[in-house]
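Protein chains in written order, with my numbering: chain S, 1 to 156; chain X, 1 to 375; chain B, 1 to 372; chain P, 1 to 156.
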């Protein structure tokens with residue numbers, strides 16, 4: 001069932017699956033964001049893809065809120081029919097940034113998760129080959145995009 | 001008399017000779033010098049004057065000078081022509097704004113550049129290839145008649161099959177160089193050469209047989225003489241087209257230069273050659289192109305026969321041969337500016353599905369043309 | 001990237017950065033004879049950490065580094081960043097500036113598509129005529145850029161609040177003459193390239209990407225539209241002046257390399273129409289609103305701007321923390337998505353070694369954009 | 001027969017190109033005249049400069065440094081063309097318009113230190129003949145209907 005407008009989509013999500021998500025916000029026309037619980041994010045993702053038609057993976061990235069001690073992983077998804085963009089956000093504590101990998105649901109997230117792993121140190125369980133994407137293979141230590149990164153680990 | 005005493009006696013004899021006769025003989029030689037030099041020169045002059053024609057043939061026309069000159073002119077022309085098609089100028093600064101020195105500069109640079117041998121390559125085979133490569137087309141070119149009596153190597157009435165036999169050797173070398181250079185790109189390139197030559201060689205041989213059939217003899221000179229009334233391109237138009245396409249395929253010119261496809265295989269089987277080795281292989285490419293073009297002209301465009309204007313056959317001379325060669329080279333370079341490169345499977349499909357049956361059809365038509373409908 | 005293990009029956013070739021046609025990336029291909037069994041894209045050779053650089057640049061200074069992400073199409077990339085900054089800081093843009101932005105973006109798109117033609121023609125074999133024509137025809141556009149912005153490639157002409165300068169006088173009929181000239185030139189391209197039977201043989205039916213696979217694998221730009229999905233950010237979320245410009249979104253059905261080439265070809269015609277519309281109906285008025293040189297942002301605001309670059313949809317997501325510099329800039333680069341599609345193409349259909357560069361350059365990758 | 005007609009057509013399209021004149025500019029002999037907005041080498045007007053340092057702060061590549069000039073009090077911008085990306089932000093930022101951009105692009109030097117232009121060197125603009133001794137003529141591109149022609153503007 002394709003929701004006509006953003007507000008209906010958000011209301012429906014909150015009504016149907018309150019236990020899967022913390023919050024759902026409408027930013028502007030055709031742009032919605034959903035903050036999911038880390039443990040049940042796979043189910044919510046499957047529902048979003050199968051029932052709500054968010055089948056096109058756009059991108060994924062993380063933000064490091066060092067003052068609040070948390071990292072937020074954002075998945076940008078697109079519904080090809082209604083052209084809605086949905087930002088699926090997952091908050092992870094900074095001390096153990098673990099998260100189930102989304103590659104079974106959206107296969108193209110493979111690259112983006114590898115990049116988030118090497119830049120932020122977020123461990124994606126179930127990822128086919130979690131290796132370096134952009135950094136050299138012999139990169140030792142240091143997650144560059146974290147706020148507390150002081151440039152250690154640069155190969156000599 | 002055991003060996004030691006023999007050696008000892010020999011040394012003694014040598015020393016005695018050195019002390020006594022050696023100075024005498026040296027003095028005699030010096031005294032006879034004033035008369036020796038003019039005599040030597042005279043002998044040399046007689047030698048050159050007497051067999052001037054074979055010397056000219058060996059060195060100039062089908063020989064070394066012509067081959068090198070053709071390679072240089074073809075390279076220069078191709079770069080200038082391609083440049084013009086691309087709205088730019090091409091070699092400009094070397095040689096007074098025309099760039100003709102550029103080719104010489106390139107050849108010199110290639111010959112003096114240090115060449116690198118990959119560490120675990122088969123050294124012998126790797127170094128043998130660039131030497132063998134130019135020899136085969138050069139050998140084949142010696143059979144081409146540039147004038148009725150201007151044939152360097154007289155194969156006794158069988159010059160066409162000998163030419164095809166020698167030219168048939170050509171694909172063997174890239175195959176073992178590809179393996180010898182111990183590089184993945186060269187291996188793929190050499191396999192491609194093998195596929196290409198098999199699919200390209202057989203239609204050519206059949207078409208050549210068709211022309212020999214029409215001319216009634218296997219000798220290239222007789223084939224050219226048989227074309228006096230009319231060039232074979234007209235009665236055998238299908239053969240003419242097949243041979244032209246086959247020529248581009250054999251010489252690995254652009255629509256079919258699959259083995260050395262720069263965009264996929266770096267340089268195909270020539271990837272590991274550098275310096276003088278690369279210079280030889282590049283020259284070999286132009287030589288095989290020259291060889292096949294000359295055979296194409298002899299078989300279909302009436303070799304050295306001048307065109308018969310209003311029934312009056314113009315005096316046949318080497319000039320016509322070179323003129324036709326120039327025209328064909330211009331057409332092939334124009335084809336290079338216009339067409340992309342075909343994939344290997346498309347080239348093979350063209351070779352087996354189209355060229356082969358057409359050449360058989362062409363052979364059948366010549367038989368009918370020659371002996372009417374006896375069968 | 002650690003290489004996955006090699007199966008016994010295939011030969012692994014490193015189509016490395018030192019290859020005449022590979023660009024600045026390494027592609028590992030498992031080859032069985034002539035057939036490519038598996039493609040592994042090993043990207044990251046030109047990773048400059050632009051997202052980290054932008055965290056240390058103020059909002060206006062950030063324009064110059066982000067333009068270096070795609071040098072062929074700097075206008076659209078800079079527009080993505082500048083619109084995100086304007087949304088985050090709440091800056092208004094006058095109408096005339098929007099129209100000038102659309103004009104420059106369309107000229108940049110044509111410039112980038114011409115560059116893509118040249119490479120796609122070059123990799124089907126040394127086919128020199130058309131490749132150098134594109135270089136000559138880009139000269140026409142580069143001269144227009146030089147007159148308008150002062151630079152030929154990296155214009156850094158967009159500023160939060162508008163554009164840096166107005167159109168020089170006499171510029172509009174120069175644009176009209178250039179559009180006339182380029183329309184005639186594309187007739188030659190159509191005859192020499194698209195109608196060329198050998199070129200068609202090399203491109204038709206090669207690297208086919210079906211509609212569902214294109215969506216599932218997250219393709220974008222001409223790669224997506226070549227498979228029949230009419231997604232174009234200029235139509236979905238009109239930004240700059242695309243709201244009141246009329247143009248068509250080009251799609252092809254077959255989804256092979258030839259379809260992608262035709263999509264780019266017709267997109268250029270649409271861009272030329274847009275340039276003509278802008279030259280005729282551009283409104284008057286100011287070109288730039290007053291914005292301080294070092295604007296300060298409000299804490300905790302985030303803004304995502306989506307822009308249709310020549311290679312696909314670019315998303316720039318800026319997070320601010322009230323300082324002079326953005327807290328975090330997340331760039332969703334189009335080429336990274338297309339490179340994943342390229343990696344999966346080996347399993348979708350039969351790819352030969354000779355087809356590899358043709359497919360790679362029908363996706364029109366820009367490795368600096370993919371590595372950020 | 002459409003296949004053969006198509007086969008011959010590229011010949012007819014490409015062949016006339018061979019007769020066309022080339023589009024290349026023979027650089028050391030002739031040089032283009034760029035548009036007046038062209039962003040080339042800077043020209044610093046020492047009198048207008050009020051040593052505010054805005055150009056140094058706005059420069060994204062940090063290639064402008066304020067250095068004292070003997071014979072004048074106050075500090076003037078010194079530009080390091082090794083890192084400058086000619087973006088022109090400093091020209092916009094300058095409140096008095098002391099920094100303008102000329103159309104010189106000949107930056108070649110043997111050492112990186114020679115690329116650092118001191119304020120005095122920025123002040124005077126060399127004549128084109130000094131920079132390019134073998135220059136013969138200045139040309140400007142003119143777009144005719146068939147191709148891009150170059151008309152000679154000034155014979156040196």
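Glycine included, every Cβ here is placed at the ideal spot set by N, Cα and C.
Going by DSSP, residue 155 of chain P is part of the beta strand (DSSP E) stretching over 148-155. A distance of 8 Å or more separates the beta carbons of residue 33 of chain S and residue 6 of chain S. Residue contact with chain B for residue 102 of chain X: absent (no Cβ-Cβ distance below 8 Å to any residue of chain B).
Shown here, residue 52 of chain S sits in coil according to DSSP, grouped into three states, outside any helix or strand. Three or more Cβ pairs closer than 8 Å define a contact, and the segment 194-206 of chain B falls short of that threshold against the segment 13-29 of chain S. From the listed residues S:77, S:95, S:92, S:114, the smallest Cα separation to residue 50 of chain S is found for S:77. In this structure the segment 96-114 of chain X touches the segment 67-86 of chain X; the number of beta carbon pairs closer than 8 Å is three or more.
Every unbroken stretch of the beta strand (DSSP E) spanning 3 or more residues and falling wholly within the segment 100-141 of chain S is given here in chain order: 123-125.
Excluding its 5 nearest sequence neighbours in each direction, residue 245 of chain B has C-beta neighbours in its own chain below 8 Å: 102, 274, 277, 278, listed in chain order.
Within the same chain, and ignoring the five residues on either side of residue 282 of chain B in sequence, the residues whose Cβ sits closer than 7 Å to its Cβ are 96, 99. Residue 215 of chain B counts as buried, since no fewer than 16 other beta carbons sit within 10 angstroms of its beta carbon.
Residues of chain P with a Cβ closer than 9 Å to the Cβ of residue 81 of chain X are, in chain order, 18. Against residue 56 of chain P, chain B offers no close residue; the least beta-carbon distance is about 12 Å (beta-carbon pairs closer than 9 Å). Contact note: residue 252 of chain X does not reach chain B at a C-beta cutoff of 8 Å; the least C-beta distance is about 12 Å. Taking a Cβ-Cβ threshold of 9 Å, none of the residues of chain B is close to residue 150 of chain S; the smallest such distance is about 12 Å. If you draw a straight line from the Cα of residue 356 of chain X to the Cα of residue 71 of chain B, it is about 50 Å long.
Under the 10 Å beta carbon count, residue 134 of chain P is surrounded by fewer than 16 other beta carbons and is classified as exposed. In the three-state scheme derived from DSSP, where H, G and I count as helix and E and B as strand, residue 15 of chain B is classed as strand. A Cβ-Cβ separation of about 18 Å leaves residue 36 of chain B out of contact with residue 43 of chain B under the 8 Å criterion.
Taking 8 Å as the threshold, the shortest C-beta distance from residue 88 of chain X to chain P falls below it. Chain P has no Cβ within less than 8 Å of the Cβ of residue 124 of chain X. In the structure shown, residue 72 of chain S adopts extended strand secondary structure according to DSSP, grouped into three states. Against residue 60 of chain P, the close residues of chain B are 57, 61, 64, 65, in the order they occur along the chain (beta-carbon pairs closer than 7 Å).
Here residue 321 of chain B carries a strand assignment [DSSP, helix/strand/coil].
In the three-state reduction of the DSSP assignment, residue 283 of chain X falls in the helix class.
Minimum Cα-Cα distance from residue 45 of chain B among the listed residues S:140, S:103, S:144, S:135 corresponds to S:135.
If you check the CB distance, residue 258 of chain X and residue 350 of chain X do not come in under 8 Å. Between the C-alpha atoms of residue 239 of chain X and residue 52 of chain X there is a straight-line separation of about 38 Å. Below 8 Å, too few C-beta pairs join the segment 73-87 of chain S and the segment 3-16 of chain B to call them touching: fewer than three. Residues are counted here when their Cβ sits less than 7 Å from a Cβ of chain X; for the segment 32-43 of chain B these are 34, given in chain order. Taking 8 Å as the CB threshold, residue 328 of chain X stays off the interface with chain B. Within its own chain, the residues whose Cβ lies closer than 6 Å to the Cβ of residue 85 of chain B, once the five positions on either side in sequence are excluded, are 59, 160, listed in chain order.
Excluding the 5 residues flanking it on each side, residue 330 of chain B has same chain C-beta neighbours closer than 6 Å at 317, in chain order. Under DSSP, residue 302 of chain B takes part in a beta bridge, and its partners are B:319. For residue 14 of chain P, the chain X residues whose Cβ falls inside 9 Å of its Cβ are 85, 334, 337, 338, in order along the chain. At a cut-off of 8 Å between C-beta atoms, residue 356 of chain B counts as an interface residue with respect to chain X.
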